[in-house]
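Residue numbers (this note's numbering): 1 to 233.
Cβ coordinates follow ideal geometry from the N, Cα and C atoms, glycine included.
Nothing here was measured: the structure is a model prediction, and the numbers come from that model.
First the structure, in the form of C-alpha cells, and then the observations on it.
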C-alpha cells in the first residue's frame, strides 16, 4: 500500500524508474538466494559423498572383521560383521542423486552406532588374538637349540659318570660348541648361576608351576628377573 501510494504520486517516468529500481532489487535478491541454494546443495552433496566414502571404508572393515573371525575359528554368531550398510541404495555407487530426499541426520546416527559396534567387536577380537599369542608364547614346544639332536632322553639310562643305571629327569640336547640355548617358552628367569651337577644353569618359570632348566651352558646370558620370549637365547 505504501509502495503503491508512492508510485501513484509520481509521474510516468518516475514510476518507471522506481519500478526498475524495485525490479533490480528483486533480481539481486533472487540471484543471492540462488547462490545460497547452490552453496547449500554443494555442501550437502559433499557431505553425502563423504558419507558414501565412509561406507566404502566400513565395508572393507567388515571384510577384515569377517576374515579375522574366520582366522580365530570362532563359532557362527559370536561376531557379526554382516549387518547391512548404514548408507545404502545409490549412494555407494552414484553421487548424482536427489540429495534433498536423503535424511543425512538419520544416516549419520545409524552409521555412528554401527561404527561403535564394529570398534567393540574388533577390540574383543584383538584381545582374543593377544591372549592366544600369549598362550602360544607360554606353551612349551620345540627344542632349546636351533640345530642339534637329542643325545639323552628322559627316563632310565646308564649314568655317564657312575656307569650305574639311574633315572634321567631331563632331556639332553647336543649341538655345536657356542650354539645359542633358546627358551622353549616365554617366562621369567628365576635362577642363573652354577649348580652342582648341572654346571652353568638357567631356570625359567612359565607360570602355573611350570619350570624349565637349561644346564651345562658355556655361559649364562640372563639374570634372575629377566623376561625371555619364546625362541630367545
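Cβ-Cβ distance between residue i and residue j below 7 Å
i: residue 182; j: residue 224; result: no
i: residue 204; j: residue 173; result: no
i: residue 153; j: residue 171; result: yes
i: residue 239; j: residue 151; result: The structure shown has nothing for residue 239, since the chain only spans 1 to 233.
i: residue 186; j: residue 230; result: yes
i: residue 220; j: residue 192; result: yes
Residues that DSSP places opposite residue i in a beta bridge
i: residue 58; result: DSSP lists no partner for residue 58.
i: residue 168; result: 155
i: residue 173; result: 150
i: residue 299; result: Outside the modelled stretch of the chain, which goes from 1 to 233, sits residue 299, for which no answer is possible.
Host beta strand (DSSP E) of residue i (start-end)
i: residue 194; result: 187 to 195
i: residue 215; result: 211 to 217
i: residue 158; result: 155 to 158
i: residue 199; result: 199 to 205
Option in the options with minimal Cα separation from residue i
i: residue 188; options: 122, 67, 211 and 59; result: 211
i: residue 112; options: 55, 175 and 130; result: 55
i: residue 201; options: 222, 38 and 130; result: 222
i: residue 199; options: 164, 218, 108 and 62; result: 218
i: residue 120; options: 61, 190 and 180; result: 61
i: residue 226; options: 195, 214, 107 and 190; result: 190
i: residue 237; options: 41, 70, 228 and 37; result: This structure cannot speak to residue 237, because the chain is shown only from 1 to 233.
i: residue 178; options: 208, 155, 216 and 164; result: 216
i: residue 118; options: 57, 156, 51 and 34; result: 57
Contacts around residue i, its chain only, beta-carbon distance under 7 Å, and the 5 residues preceding and following it disregarded
i: residue 68; result: 125
i: residue 142; result: 184
i: residue 88; result: Its pLDDT being 45, under 50, residue 88 is placed unreliably by the model, and the measurement read from it follows with that caveat. Excluding residues within five positions, none has a Cβ falling inside 7 Å.
Same chain, Cβ closer than 6 Å to residue i, neighbours up to 5 away in sequence not counted
i: residue 148; result: 173, 174 and 175
i: residue 195; result: 201
Neighbourhood of residue i by C-beta distance below 8 Å, restricted to the same chain and skipping five residues each side
i: residue 140; result: 184, 185, 206, 210 and 212
i: residue 21; result: none
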